[in-house]
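**Student:** Got a structure for you, written out below as structure tokens; questions coming shortly.
Numbering (UniProt numbering), first residue to last: 1 to 161.
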């Protein structure tokens, strides 16, 4: 059970690489454990973007101690969706945003926005993401300088060898 909870903790923290590293260290008999299977199924759903499956998995947890982590995982899922939404859209209707973030009421969405994304603007029945999109423009990469430097390093290495 502890191993399953640890895997779930890594999922909640969105530390997928470490999740897979931990999985690699487990024996094949440990992978048959229902607690570990549950965490693996959640990770698969999470990676596939089947967020409804992740949230509905709270109803069939292998142990009641998983409930706490499932609530945290729901927040992680919403944060992931929110991050994608603000990059993909300038605005969404409150109804669509609530549906996308898997809330059952507009009030839940309002509370989430106040707590997690105060930079979002809610007015006239819409959620505006523009403030979230205002960021510093990307700096230009000095590619010519990098190429020259790399070639210089290669020449120096060639001389050494």
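No residue lacks a Cβ here, since even glycine has one placed at the ideal position from N, Cα and C.
According to the Cβ coordinates, are residue 30 and residue 8 closer than 7 Å?
**Tutor:** no
**Student:** Indicate the three-state DSSP secondary structure (helix, strand or coil) for residue 89 in the structure shown.
**Tutor:** coil
**Student:** In terms of residues, what are the limits of the alpha helix (DSSP H) holding residue 58?
**Tutor:** Taken as a continuous stretch (DSSP letters only), residue 58 belongs to no alpha helix (DSSP H), as it is neither H nor E.
**Student:** How big is the Cα-Cα spacing for residue 55 and residue 154?
**Tutor:** 52 Å
**Student:** For residue 4, does the count of other Cβ atoms within 10 angstroms reach 16, so buried, or fall short, so exposed?
**Tutor:** buried
**Student:** Give me, in chain order, the residues of the same chain whose beta-carbon lies closer than 7 Å to that of residue 14; leave out the 5 immediate sequence neighbours on both sides.
**Tutor:** 76
**Student:** Quick one: any contact between the segment 102–114 and the segment 57–66, if contact means 3 or more CB pairs under 8 Å?
**Tutor:** Taking a cut-off of 8 Å for Cβ pairs, the segment 102–114 and the segment 57–66 do not touch, as fewer than three such pairs fall below it.
**Student:** Determine the burial state of residue 68: buried for a count of at least 16 other Cβ atoms within 10 Å of its Cβ, exposed for fewer.
**Tutor:** exposed
**Student:** In the structure shown, what three-state DSSP assignment does residue 127 receive?
**Tutor:** strand
**Student:** Where residue 90 and residue 127 are concerned, what is the direct C-alpha to C-alpha distance, given to the nearest angstrom?
**Tutor:** Spanning the two alpha carbons is a distance of roughly 9 Å.
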